[in-house]
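The opening position of the sequence shown corresponds to residue 1 in our numbering, with each subsequent residue numbered one higher. Positions of the beta carbon are idealized from the N, C-alpha and C atoms, including for glycine. No experiment lies behind these values; they were computed from the predicted model shown.
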Amino acid sequence: MSKNIPNQSDVIDSIISDTNRQQYQDLLTKYNDEKESHWEFSVVPGIFKQSLEDTDETKFDTIKEHFGIIPTWDEVINQLNTLNANVDSNKIQYKLFFLARHGQGFHNVKHTENPELWDSYWSHLNTDGKIVWAPDPELTDLGIQQAKDNNAAWKTEIVNNKQANKDLIVPTRFYTSPFRRSVDTLINTWDDIVDLKQVKPYIQEDWRETIGEHTCDMRSNRSTIAEKYESKGFEIEPGFEEEDIYWKPDYRETVPEQAVRQNNGFQELFNNYPNDQIVSITSHSGSIRTQLLVLGHRPFAVGTGGMIPVFVKAVKV
1 MSKNIPNQSD
11 VIDSIISDTN
21 RQQYQDLLTK
31 YNDEKESHWE
41 FSVVPGIFKQ
51 SLEDTDETKF
61 DTIKEHFGII
71 PTWDEVINQL
81 NTLNANVDSN
91 KIQYKLFFLA
101 RHGQGFHNVK
111 HTENPELWDS
121 YWSHLNTDGK
131 IVWAPDPELT
141 DLGIQQAKDN
151 NAAWKTEIVN
161 NKQANKDLIV
171 PTRFYTSPFR
181 RSVDTLINTW
191 DDIVDLKQVK
201 PYIQEDWRET
211 IGEHTCDMRS
221 NRSTIAEKYE
231 SKGFEIEPGF
241 EEEDIYWKPD
251 YRETVPEQAV
261 RQNNGFQELF
271 NNYPNDQIVS
281 ITSHSGSIRT
291 QLLVLGHRPF
301 AVGTGGMIPV
311 FVKAVKV
């Protein structure tokens with residue numbers, strides 16, 4: 001099996017119940033009622049195979065399928081440019097997102113051994129005496145290699161792109177969860193494709209994994225993150241607290257709550273960066289699950305080191 005195809009546990013974790021969908025809509029309605037305006041999202045059809053209902057996520061190899069693209073990259077980029085050129089960006093925007101999941105971390109190794117025992121026992125601890133998976137676990141050697149495989153895949157797609165300017169399919173804005181496994185995946189994925197000090201990837205709390213209870217989802221403190229990554233070009237969002245004030249040992253964020261948090265990230269992105277048409281977000285399985293819900297995409301499992309592209313239309317309401 002390919003290293004980026006989701007396993008059965010990934011597929012189960014990607015499912016969102018009808019109850020959670022309704023609760024998300026109820027929470028979002030309350031959230032939007034407090035604001036003067038907000039963006040609503042939908043997926044532009046016919047661009048990527050992952051949005052098709054008959055695409056089997058358990059067999060879909062993103063890299064071998066050239067990211068799942070249906071037309072050519074030329075056609076996609078031309079469509080993106082044309083659509084945005086013919087609308088008022090204060091009211092309608094189109095963006096192409098590449099939603100990447102971090103490579104395998106040490107917590108993923110332990111989770112895969114016994115998913116049920118992980119949820120009930122191991123996820124509340126930091127180690128089994130053999131490996132350490134919390135807080136803020138590192139990538140395994142496989143996780144690093146998965147990111148490097150993505151790097152090679154990106155280079156292939158860029159070379160195959162027939163546009164006169166081959167960089168046209170490369171994102172112009174980069175976001176990441178504050179966890180080391182996400183930031184290190186971004187670094188290894190985009191190494192020598194983009195200049196990180198020039199694009200200044202943005203570390204933001206909104207994109208982090210489901211918050212609470214699981215020790216692997218407690219982040220490092222701000223000074224540690226800054227010391228490791230700011231010299232590489234990363235920027236940390238304003239108001240980012242020194243300690244992880246969101247993580248609690250006795251409460252785990254619900255799917256609807258996480259979806260509202262992801263929605264907040266997208267709202268800010270569309271409000272502040274109308275000219276960035278192609279955006280990369282490196283985060284987590286739970287984050288991507290709710291990002292797809294927010295954007296109106298079908299559920300689609302993404303394995304460690306995997307990625308799903310989404311062509312999005314946003315309308316301001």
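*If you scan the stretch 224 to 284 from start to end, which runs of the beta strand (DSSP E) of 3 or more residues do you find wholly inside it?*
278 to 283
*Any idea if residue 156 is buried or exposed, counting beta-carbon neighbours within 10 angstroms, 16 or more meaning buried?*
exposed
*From this set, 76, 18, 290, 23, which residue's C-alpha is nearest residue 277's C-alpha?*
76
*Between which two residues does the beta strand (DSSP E) containing residue 173 stretch?*
173 to 176
*Could you give the distance in angstroms between the alpha-carbon of residue 365 and the alpha-carbon of residue 134?*
The displayed coordinates of the chain run from 1 to 317. Any statement about residue 365 would go beyond what the structure contains.
_residue 161 burial status per 10 Å Cβ neighbour count (16 or more: buried)_ = buried
*With contact counted as at least three CB pairs below 8 Å, one residue from each stretch, are the stretch 108 to 123 and the stretch 266 to 276 in contact?*
no
*Does the beta-carbon of residue 229 have 16 or more other beta-carbons within 10 angstroms, so that it is buried, or is it exposed?*
buried
*Between the Cα of residue 193 and the Cα atoms of 53, 209, 153, which residue gives the shortest distance?*
153
_What does the alpha-carbon distance come out to for the pair residue 259 and residue 4?_
24 Å
*When DSSP builds the beta bridges, which residues end up paired with residue 199?*
BP columns for residue 199 are empty, so no partner.
_With a threshold of 7 Å on Cβ separation, who are the neighbours of residue 191 within its own chain once the five nearest residues in sequence on each side are excluded?_
151
*In terms of alpha-carbon separation, which member of 195, 203, 170 lies closest to residue 226?*
203
*Neighbourhood of residue 215 by C-beta distance below 6 Å, restricted to the same chain and skipping five residues each side*: 126, 134, 135
*Buried versus exposed call for residue 46 [16 or more other C-beta atoms within 10 Å across all chains shown]*: exposed
*Can you tell me where the alpha helix (DSSP H) with residue 208 in it begins and where it stops?*
Premise fails: residue 208 is in no alpha helix (DSSP H) and is neither H nor E.
*What residue from 197, 262, 242 has the CA that sits closest to residue 283's CA?*
262
*Report buried or exposed for residue 232, applying the criterion of at least 16 other Cβ atoms within 10 angstroms of its Cβ.*
exposed
*What is the rounded straight-line gap between the Cα of residue 219 and the Cα of residue 86?*
42 Å
*Ends of the beta strand (DSSP E) at residue 313?*
307 to 316
*What three-state label does DSSP hand residue 19 in the structure shown?*
helix
*In whole angstroms, what separates the C-alpha of residue 70 from that of residue 257?*
33 Å
_Enclosing alpha helix (DSSP H) for residue 146 [first to last residue]_ = 141 to 160
*Grouping DSSP H, G and I as helix and E and B as strand, with all else coil, what is residue 31?*
helix
*Taking buried to mean at least 16 other C-beta atoms within 10 Å of its own C-beta, is residue 209 buried or exposed?*
buried
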